[in-house]
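Q: Below are the structure tokens for one structure; questions will follow.
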Amino acid sequence: MSLRSCWLAIGTAMLLSLVMATSASAAATAPPPESGQAPQGLDALLRQLADTDDYSVKQDLIRGIATANSAQDRVVLQALLEGRLYKRDSDGTVLVADVADAPFAMASAVSGAALGRSDGDGVTLIGVNNQLRRQLRALLAQFDLASGDSAVRLAAVNEMLRAPDAASTAALRAQLAKEKDAAVRASIQSGLAVAALDSDDAAQRLAAVRELKGSLNTEVYNRLTSLLDSETDLGVKKAAIDALRGIDRWRTFYSGIQTLMFGLSLGSVLVLAAIGLAITFGVMGVINMAHGELMMLGAYATYVVQLLMPNHIGASILVAIPVAFLVSGLMGVLIERGIVRFLYGRPLETLLATFGVSLILQQAVRDIFTANNRPVETPDWLAGSLQINDVLSITYNRLYIVLFTLAVFALLLMVLKRTRLGLEVRAVSQNRAMAKAMGIRTEWVDAMTFGLGSGIAGVAGVALSQLTNVGPNLGQSYIVDSFMVVVFGGVGNLWGTQLGGTALGVINKVLEPFAGAVLAKILVLVFLILFIQRRPRGLFPQKGRAAEG
Amino acid sequence: MRMTGNGAAGLIRRDRGGSALLAVLGLMVVLAPILNLVVPESSALHLSGYTVTLLGKYMCYAILAIAVDLVWGYCGILSLGHAAFFTLGGYAIGMYLMREIGTRGVYGDPVLPDFMVFLNWKELPWFWHGFNHFGYALLMMLVAPGVLALVFGWLAFRSRVTGVYLSIITQALTYALLLAFFRNDMGFGGNNGFTDFKDVLGFDLDAASTRMVLFVLTALVLGGSYLLCRFIVTSRAGRVVAAVRDAENRARFIGYKVENYKLWIFVFSAMLAGLAGALYVPQVGIINPSEFQPANSIEVVIWVAIGGRGTLYGAVIGALLVNYAKTYFTGALPSAWLYALGALFVLVTLFLPRGIVGLVNQVRHRAAA
Numbered sequence: 030m031s032l033r034s035c036w037l038a039i040g041t042a043m044l045l046s047l048v049m050a051t052s053a054s055a056a057a058t059a060p061p062p063e064s065g066q067a068p069q070g071l072d073a074l075l076r077q078l079a080d081t082d083d084y085s086v087k088q089d090l091i092r093g094i095a096t097a098n099s100a101q102d103r104v105v106l107q108a109l110l111e112g113r114l115y116k117r118d119s120d121g122t123v124l125v126a127d128v129a130d131a132p133f134a135m136a137s138a139v140s141g142a143a144l145g146r147s148d149g150d151g152v153t154l155i156g157v158n159n160q161l162r163r164q165l166r167a168l169l170a171q172f173d174l175a176s177g178d179s180a181v182r183l184a185a186v187n188e189m190l191r192a193p194d195a196a197s198t199a200a201l202r203a204q205l206a207k208e209k210d211a212a213v214r215a216s217i218q219s220g221l222a223v224a225a226l227d228s229d230d231a232a233q234r235l236a237a238v239r240e241l242k243g244s245l246n247t248e249v250y251n252r253l254t255s256l257l258d259s260e261t262d263l264g265v266k267k268a269a270i271d272a273l274r275g276i277d278r279w280r281t282f283y284s285g286i287q288t289l290m291f292g293l294s295l296g297s298v299l300v301l302a303a304i305g306l307a308i309t310f311g312v313m314g315v316i317n318m319a320h321g322e323l324m325m326l327g328a329y330a331t332y333v334v335q336l337l338m339p340n341h342i343g344a345s346i347l348v349a350i351p352v353a354f355l356v357s358g359l360m361g362v363l364i365e366r367g368i369v370r371f372l373y374g375r376p377l378e379t380l381l382a383t384f385g386v387s388l389i390l391q392q393a394v395r396d397i398f399t400a401n402n403r404p405v406e407t408p409d410w411l412a413g414s415l416q417i418n419d420v421l422s423i424t425y426n427r428l429y430i431v432l433f434t435l436a437v438f439a440l441l442l443m444v445l446k447r448t449r450l451g452l453e454v455r456a457v458s459q460n461r462a463m464a465k466a467m468g469i470r471t472e473w474v475d476a477m478t479f480g481l482g483s484g485i486a487g488v489a490g491v492a493l494s495q496l497t498n499v500g501p502n503l504g505q506s507y508i509v510d511s512f513m514v515v516v517f518g519g520v521g522n523l524w525g526t527q528l529g530g531t532a533l534g535v536i537n538k539v540l541e542p543f544a545g546a547v548l549a550k551i552l553v554l555v556f557l558i559l560f561i562q563r564r565p566r567g568l569f570p571q572k573g574r575a576a577e578g
Numbered sequence: 210m211r212m213t214g215n216g217a218a219g220l221i222r223r224d225r226g227g228s229a230l231l232a233v234l235g236l237m238v239v240l241a242p243i244l245n246l247v248v249p250e251s252s253a254l255h256l257s258g259y260t261v262t263l264l265g266k267y268m269c270y271a272i273l274a275i276a277v278d279l280v281w282g283y284c285g286i287l288s289l290g291h292a293a294f295f296t297l298g299g300y301a302i303g304m305y306l307m308r309e310i311g312t313r314g315v316y317g318d319p320v321l322p323d324f325m326v327f328l329n330w331k332e333l334p335w336f337w338h339g340f341n342h343f344g345y346a347l348l349m350m351l352v353a354p355g356v357l358a359l360v361f362g363w364l365a366f367r368s369r370v371t372g373v374y375l376s377i378i379t380q381a382l383t384y385a386l387l388l389a390f391f392r393n394d395m396g397f398g399g400n401n402g403f404t405d406f407k408d409v410l411g412f413d414l415d416a417a418s419t420r421m422v423l424f425v426l427t428a429l430v431l432g433g434s435y436l437l438c439r440f441i442v443t444s445r446a447g448r449v450v451a452a453v454r455d456a457e458n459r460a461r462f463i464g465y466k467v468e469n470y471k472l473w474i475f476v477f478s479a480m481l482a483g484l485a486g487a488l489y490v491p492q493v494g495i496i497n498p499s500e501f502q503p504a505n506s507i508e509v510v511i512w513v514a515i516g517g518r519g520t521l522y523g524a525v526i527g528a529l530l531v532n533y534a535k536t537y538f539t540g541a542l543p544s545a546w547l548y549a550l551g552a553l554f555v556l557v558t559l560f561l562p563r564g565i566v567g568l569v570n571q572v573r574h575r576a577a578a
């Protein structure tokens, strides 16, 4: 900018401010609209609002607009709050802007009729300050209180309770009389009680404290805590301490449930990761170090399925489950036929060979999909959380993972106990030679069992794709954990794996608040190492001759 | 004992592989200093400082491989956590080297290493005391892995945790240590570990002469470890250890205290691994928790398997070959290395159960027949 144009700009600005000052004083001298006055037309109120710079005048005008009984009241107030209300400089018409994309779509504030688009030239924003914003929020909440949707009413009640005043308490009391929804009722009641905490009458405060006793609202908790400092009446103070103690007990209880839920979901992840291993390691006695990589394949299968059906993300997860089972299962059969079958009876060698397979699979994935994590989308029905009360909410993905694990477990148990394959698998694992003598094709059973365990790993990978990063290292981070779960539960025992995994998850999450996430994990590992010393065959050891191995 | 009186010569009289190994090591100890320090850089025969460090590193791995072969090849204990002992030894010497930095650190604190100043610590944690003395660090690099192995082994062998179960919990052990050392509160520098060492016993670590001394020292320790392990496995106790490997219950019923034999061989092996780690750190100039990764320990096992399990010198051959291949591949064909290593794991276990040494013996027998 040149020096000259700079001076010009300053001059214009000074001139403008002079004009504005005069118009402001003119507005100040104009008689403010008195309360009780017959409601003016929305148009007139808006024009006054656009012309004045005096915030106390604006306050009165806003109150006027709120009672103007126009269909546009709420729209205008909302726009004002959000800084979308403009005055057209040419004729003083007040406009509501839609700021979703520039140039803004303008609509008449009075009628709502569309008035073209504007890029901000020739219009002036109608300003608000913090005090006005507060007033606007309260007014909007009062509007919403009349809404037919109970969720909107609840939100409105909570908004009004952030700074209750005489007007809002009156509105809430009126609403309470006709409110049908239990949640909204409870919220209003506790809100009114919170407002009553400010009462000058000790008896009223006492009643309010008693009313708030069972509430779990954070706001209520804070107000009661601050009441302790300011309260002079001993009876009220004592009641407040009592109430807080009661609330604390409930909060501890619910946070305990929350921890339990975290533990269950972590435990389910562990079980899911370990249950395939429980088949290959537990039933067949094969150490499959590539198990983690089979999970990784399942997670990548989910990613590929999503790439193939980008418009049906919700269904993609369901499609991915069988796909992942097949991909990982086939890879498992391949590993069994190609490598593991030559090494039966030599578990340590199997361990090394399958570790080699895991390295190859990792590098293959790195070459195909690059070393970066792949984004796997979460479908809508898995997102969000179930809000049970103010302190307890459970995310849906945690809930689903628990249910999913139980389903996989039940299915696997069915396959092993109720199908011909399951019968043969059990026969081979108990006495290979005898099973063979009875005409069971043990080789085929071996391949199928390994494939089944690997397929389950793939299914676990689908679940993991929703919980962690899908990258080449996904498998490695679970392999130690899943082996520990199988050994902890007792090799060859699916129930042991289920119980062991769940228990480890819960122990881990219970320790976390005291020890921190990493230390909790270390403690669990140390606990496991010590546990295996006491019971080398796990929680539920296999009985009989099979124990000698 | 059969070998008494004959000394080292007696130990390796019938051991052609071991003799060859010791001869090569002896040759390296004599030639490397001359080729590196005396022969001018322009000469084709000059040994670069880079190569010296690389060879030194390989030899540290070779010592580790011998330690693993001792427990796996001779006692049947497949430890998937030996890198943990190696790393602990490395951390012990690393602590000494950190204290040696003194006021030359970024923050110039005479006592506290940089990372502690950075974490706003006011005084040295108790377990750091004494590490300003080289002798103490020397002791700790044997004691720390030794005590860990003693406690762990005592618990595990006493309750007869064997086979794959033992392998899995050794893996859990190194995994737990990995997580623990990643924590800043542990007082071991968190995930950065220790680096930026200046000197050892007053000698500049970057100087060619210091590096050469470390190289020669490593070669001597490798030779010494080989002889010591050879002594152990050919002794009476070594035969009992082999019996435990082949038929644990039978050895127990004959009346041997199987647990004790296993425990002492395990502890000795852990200390040897710690020594290897302690030689490794000053040469590579860094130690951090990623050395604890379970995959590292498994890799050591494959060195031993490739070379030939239960021969000791096979472990050395395996360590040198695999690590040379690793250096070559990661330089020339980075993405091919994991395929190659993975294929090695599979092929060696399937087709070379006795490793390279076994293959050579087989070929020789066939030729003789």
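Residue numbers (this note's numbering), protein chains in the order written: chain D, 30 to 578; chain V, 210 to 578. Every residue, glycine too, gets a C-beta built ideally from N, C-alpha and C. The model shown is predicted, which means the values in this text are computed figures rather than measured ones.
1. Report the residue from V:Ala-417, V:Pro-334 and V:Arg-392 whose alpha carbon sits nearest the alpha carbon of Lys-550 of chain D.
2. Is it buried or exposed for Ala-57 of chain D, if we count other Cβ within 10 angstroms and need 16 for buried?
3. Can you pull the chain A residues whose beta carbon is under 8 Å from the beta carbon of Ala-382 of chain D, in chain order?
4. Quick check: the Cα distance between Gly-529 of chain D and Val-370 of chain V, rounded to an integer number of angstroms?
5. Per the DSSP calculation, Lys-116 of chain D is bridged to which residue(s)?
6. Once you ignore the five residues that flank Ser-31 of chain D on each side, which residues in its own chain have a CB closer than 8 Å to its CB?
7. Residues of chain V with CB under 7 Å from Leu-554 of chain D, in chain order?
8. Going by C-alpha to C-alpha distance, which of V:Val-555, V:Tyr-548, V:Thr-558 and V:Ala-577 sits closest to Val-394 of chain D?
9. Note the first and the last residue of the continuous alpha helix (DSSP H) segment covering Gln-287 of chain D.
10. Applying the 10 Å Cβ sphere with the 16-neighbour rule, what's the burial state of Phe-336 of chain V?
11. How would you list, in chain order, the residues of chain V whose beta-carbon sits under 9 Å from the beta-carbon of Gly-385 of chain D?
12. Give the secondary structure of Asp-278 of chain V by DSSP, where H, G and I count as helix, E and B as strand, and everything else as coil.
13. Please classify Met-338 of chain D: is it buried, with 16 or more other beta-carbons within 10 angstroms of its beta-carbon, or exposed?
14. Counting only Cβ pairs nearer than 7 Å, list the residues of chain D close to Val-360 of chain V.
15. Check each residue of the segment 516-549 of chain V: if its Cβ is closer than 7 Å to any Cβ of chain D, include it; give the result in chain order.
16. Identify the residues that DSSP records as bridge partners of Leu-496 of chain V: which are they?
17. Are three or more beta carbon pairs between the segment 487-495 of chain D and the segment 317-334 of chain D nearer than 8 Å?
18. Roughly how many angstroms lie between the CA atoms of Glu-508 of chain V and Val-249 of chain D, to the nearest whole one?
19. Taking Cβ-Cβ distances shorter than 9 Å, what residues in chain D pair up with Phe-391 of chain V?
20. Can you pull the chain V residues whose beta carbon is under 7 Å from the beta carbon of Asp-396 of chain D, in chain order?
21. Could you give the distance in angstroms between the alpha-carbon of Thr-189 of chain D and the alpha-carbon of Ile-430 of chain D?
22. So, with DSSP's three-state summary, where would you put Thr-371 of chain V?
23. Specify the secondary structure class of Phe-310 of chain D as computed by DSSP and reduced to three states.
24. Does the beta-carbon distance from Leu-229 of chain V to Gly-527 of chain V come in below 8 Å?
25. Going by DSSP, what residue range makes up the beta strand (DSSP E) through Ser-99 of chain D?
26. Give the interface partners of Pro-376 of chain D over in chain V, defined as CB-CB distance under 8 Å, in chain order.
27. I'd like to know if the segment 168-176 of chain D and the segment 96-114 of chain D are in contact, where contact means that at least 3 CB-CB pairs between them fall below 8 Å.
28. For a contact defined as C-beta to C-beta under 7 Å, what are the partners of Lys-550 of chain D on chain V?
29. I need the straight-line Cα distance from Ser-197 of chain D to Leu-174 of chain D, nearest angstrom please.
30. Using a Cβ-Cβ cut-off of 8 Å, state whether Ile-474 of chain V counts as contacting chain D.
31. Among V:Leu-351, V:Thr-260 and V:Trp-512, which has the Cα closest to the Cα of Ala-417 of chain V?
32. Please report whether the beta-carbon of Ala-456 of chain V lies at a distance below 8 Å from any beta-carbon of chain D.
33. Starting from Ile-423 of chain D, follow the beta strand (DSSP E) in both directions and report where the run begins and ends.
34. Just to confirm the assignment, what range does the beta strand (DSSP E) spanning Met-395 of chain V have?
35. In terms of alpha-carbon separation, which member of D:Leu-559, D:Glu-378 and D:Val-312 lies closest to Gly-480 of chain D?
36. Apart from the five residues on each side of it in sequence, which residues of its chain come closer than 8 Å, Cβ to Cβ, to Val-566 of chain V?
A: Here's the rundown:
1. Translated into positions along the first sequence, residue 550 of chain D becomes position 521. V:Arg-392 is the residue among V:Ala-417, V:Pro-334 and V:Arg-392 whose C-alpha sits nearest the C-alpha of Lys-550 of chain D.
2. Numbered from its first residue, the first sequence carries residue 57 of chain D at position 28. With a pLDDT of only 41 at Ala-57 of chain D, under 50, the local geometry of the prediction cannot be trusted, and the value read off the model is given with reservation. Exposed.
3. This model lacks chain A altogether, as its protein chains are D and V.
4. Here residue 529 of chain D refers to the residue found at position 500 when the first sequence is read from its first residue. Here residue 370 of chain V refers to the residue found at position 161 when the second sequence is read from its first residue. Their Cα atoms are separated by approximately 19 Å.
5. Taking the first residue of the first sequence as 1, we reach residue 116 of chain D at position 87. According to DSSP, Lys-116 of chain D bridges with D:Val-123 and D:Thr-153.
6. Counted from its first residue, the first sequence places residue 31 of chain D at position 2. Low confidence applies here, because Ser-31 of chain D scores a pLDDT of 49, under 50, leaving its location unreliable; read the following figure in that light. Within its own chain, no residue has a Cβ closer than 8 Å to the Cβ of Ser-31 of chain D once the five positions on either side in sequence are excluded.
7. For this step, residue 554 of chain D is matched to residue 525 along the first sequence. Residues of chain V passing the Cβ test: Ala-381, Tyr-384 and Ala-385.
8. Here residue 394 of chain D refers to the residue found at position 365 of the first sequence. When C-alpha distances from Val-394 of chain D are compared across V:Val-555, V:Tyr-548, V:Thr-558 and V:Ala-577, the shortest belongs to V:Tyr-548.
9. Looking up residue 287 of chain D in the first sequence gives position 258. Element bounds for Gln-287 of chain D: 263-306.
10. Working through the second sequence from its first residue, we reach residue 336 of chain V at position 127. Under this definition Phe-336 of chain V is an exposed residue.
11. Your numbering for residue 385 of chain D matches position 356 in the first sequence. Chain V residues near Gly-385 of chain D: Ile-511, Leu-550, Gly-551, Ala-552, Leu-553, Phe-554, Val-555, Leu-556, Val-557 and Thr-558.
12. Reading the second sequence from its first residue, position 69 is the one you call residue 278 of chain V. Taken through DSSP and simplified to helix, strand or coil, Asp-278 of chain V comes out as helix.
13. Counting from one through the first sequence, the residue named residue 338 of chain D turns up at place 309. In the assembly as shown, Met-338 of chain D is an exposed residue. Its beta-carbon has fewer than 16 other beta-carbons within 10 Å.
14. Indexing the second sequence from 1 puts residue 360 of chain V at position 151. The contacting residues do not exist; Val-360 of chain V stays about 10 Å from chain D at best.
15. So the close ones are Ser-544, Leu-547 and Tyr-548.
16. Against the second sequence, residue 496 of chain V aligns to sequence position 287. Position check: residue 496 of chain V holds Ile in this sequence, whereas Leu was assumed. Paired residue(s): V:Phe-403.
17. Touching, yes.
18. Walking along the second sequence from the start, residue 508 of chain V turns up at place 299. Walking along the first sequence from the start, residue 249 of chain D turns up at place 220. One alpha carbon belongs to Glu-508 of chain V, the other to Val-249 of chain D, and they sit about 59 Å apart.
19. Against the second sequence, residue 391 of chain V aligns to sequence position 182. Neighbours of Phe-391 of chain V in chain D, taken as residues at a C-beta separation under 9 Å, are given in chain order as Val-547.
20. For the purposes of this step, residue 396 of chain D is identified with residue 367 of the first sequence, where counting begins at 1. Within chain V, the residues placing a beta-carbon under 7 Å from that of Asp-396 of chain D are Ser-544, ordered along the chain.
21. What you label residue 189 of chain D is simply residue 160 of the first sequence in a count that begins at 1. What you label residue 430 of chain D is simply residue 401 of the first sequence in a count that begins at 1. Just to set this straight, residue 189 of chain D is Met in the shown sequence, not Thr. Looking at the two C-alpha atoms, the distance is approximately 38 Å.
22. Counting from one through the second sequence, the residue named residue 371 of chain V turns up at place 162. Coil.
23. Stepping through the first sequence from its first residue, residue 310 of chain D is reached at position 281. Three-state result, Phe-310 of chain D: helix.
24. Reading the second sequence from its first residue, position 20 is the one you call residue 229 of chain V. Reading the second sequence from its first residue, position 318 is the one you call residue 527 of chain V. It is Ala, not Leu, that sits at residue 229 of chain V in the sequence shown. No. Outside cutoff.
25. On the first sequence, residue 99 of chain D is found 70 positions in, with the first residue counted as 1. Taken as a continuous stretch (DSSP letters only), Ser-99 of chain D belongs to no beta strand (DSSP E), as it is neither H nor E.
26. For this step, residue 376 of chain D is matched to residue 347 along the first sequence. Contact of Pro-376 of chain D with chain V by beta-carbon distance below 8 Å involves Gly-372 and Val-373.
27. The answer is yes - the segment 96-114 of chain D touches the segment 168-176 of chain D, with three or more Cβ pairs under 8 Å.
28. Within the first sequence, numbered from 1, the residue matching residue 550 of chain D stands at position 521. Within chain V, the residues Leu-388 have their CB atoms less than 7 Å from the CB of Lys-550 of chain D, given in chain order.
29. Locating residue 197 of chain D in the first sequence gives position 168, counting from the first residue. Locating residue 174 of chain D in the first sequence gives position 145, counting from the first residue. The C-alpha of Ser-197 of chain D lies about 11 Å from the C-alpha of Leu-174 of chain D.
30. Translated into positions along the second sequence, residue 474 of chain V becomes position 265. For Ile-474 of chain V, the answer is no, since every Cβ of chain D falls outside 8 Å of its Cβ.
31. Taking the first residue of the second sequence as 1, we reach residue 417 of chain V at position 208. Looking only at V:Leu-351, V:Thr-260 and V:Trp-512, the smallest Cα-Cα distance to Ala-417 of chain V is reached by V:Thr-260.
32. The residue you call residue 456 of chain V lines up with position 247 of the second sequence. No, Ala-456 of chain V does not count as interfacial toward chain D.
33. Within the first sequence, the letter at position 394 stands for residue 423 of chain D. Counting along the chain, the beta strand (DSSP E) containing Ile-423 of chain D begins and ends at 422-424.
34. In the second sequence, counting from the first residue as 1, residue 395 of chain V sits at position 186. Careful: Met-395 of chain V lies outside any beta strand (DSSP E) and carries neither H nor E.
35. On the first sequence, residue 480 of chain D is found 451 positions in, with the first residue counted as 1. It is D:Val-312.
36. Indexing the second sequence from 1 puts residue 566 of chain V at position 357. For Val-566 of chain V, where only same-chain residues beyond five positions count, the Cβ hits under 8 Å are Gly-226, Gly-516, Gly-517, Thr-520, Tyr-522, Gly-523 and Ile-526.
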